[in-house]
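Here the structure is laid out as structure tokens; the discussion comes afterwards.
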Amino acid sequence: MECYTPPATETLFEMVREMPGWRPRGNDEAGLIAMFVAGRSTAMPHGFVKGHGIQPGDVLVSGAGANIDGYRSELERTMIVGQPTSEQEKAFAAMLALQTRAIETMAPGVPAGEVELATVRLAEELGVADNLRHHAGHSIGLEG
Numbered sequence: 000m001e002c003y004t005p006p007a008t009e010t011l012f013e014m015v016r017e018m019p020g021w022r023p024r025g026n027d028e029a030g031l032i033a034m035f036v037a038g039r040s041t042a043m044p045h046g047f048v049k050g051h052g053i054q055p056g057d058v059l060v061s062g063a064g065a066n067i068d069g070y071r072s073e074l075e076r077t078m079i080v081g082q083p084t085s086e087q088e089k090a091f092a093a094m095l096a097l098q099t100r101a102i103e104t105m106a107p108g109v110p111a112g113e114v115e116l117a118t119v120r121l122a123e124e125l126g127v128a129d130n131l132r133h134h135a136g137h138s139i140g141l142e143g
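Counting with numbering that gives the first Met the number 0, you get residues 0 to 143 for the letters of the sequence shown.
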């Protein structure tokens, strides 16, 4: 495992390149990956900005995932460095409402597209649809 020392920058998107024992059988990819993104491109899915560093007020996105026997997982968390601005607080409230709508819409047999549509409709009602940059979630299983 590689270790990084300050100053930390958003280029730490791959702190853990590969760990013995996590490499999936029959797959050449790293079994466990991690990413950290800060600054201007955190609104973009899988964004990356070089040389910005982590500054007070930045949105910081951390993510980790594993690929084991063809099953992929993804866990991301979004944080504010320091105190959030009122604009960031409003964006978080909208995101939380969208997440709640998606969870409320999910049920056995409900297609993923229906969950996406419910989320997009609420984003339109809240006036934040122009800020959407990614689909509402990921499918489950090997067949997507």
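Heads up, the beta-carbon is just placed ideally off N, CA and C, and yes, glycines get one too.
Keep in mind it's a predicted model, so treat the numbers as computed, not measured.
Put simply, the backbone Cα of residue 96 is about 29 angstroms away from that of residue 70. DSSP, reduced to helix, strand and coil, places residue 76 within a strand of the structure shown. Secondary structure note for residue 60: it is in no alpha helix (DSSP H), and the uninterrupted beta strand (DSSP E) holding it is 58–67. Around the Cβ of residue 99, a 10 Å sphere holds fewer than 16 other Cβ atoms; the residue is exposed.
With respect to residue 136, residue 101 sits close: the two C-beta atoms are nearer than 8 angstroms. Membership of residue 38 in any alpha helix (DSSP H) is not indicated, and neither H nor E is assigned to it by DSSP.
Partner residues in the beta bridge of residue 32, as assigned by DSSP, are 64. The alpha-carbon separation between residue 91 and residue 106 amounts to approximately 25 angstroms. Taken through DSSP and simplified to helix, strand or coil, residue 132 comes out as coil. Nearest neighbour of residue 84 by Cα position, chosen from 53, 58, 113, 111, turns out to be 58.
In this structure, residue 56 lies away from residue 38, with their beta-carbon atoms at least 8 angstroms apart.
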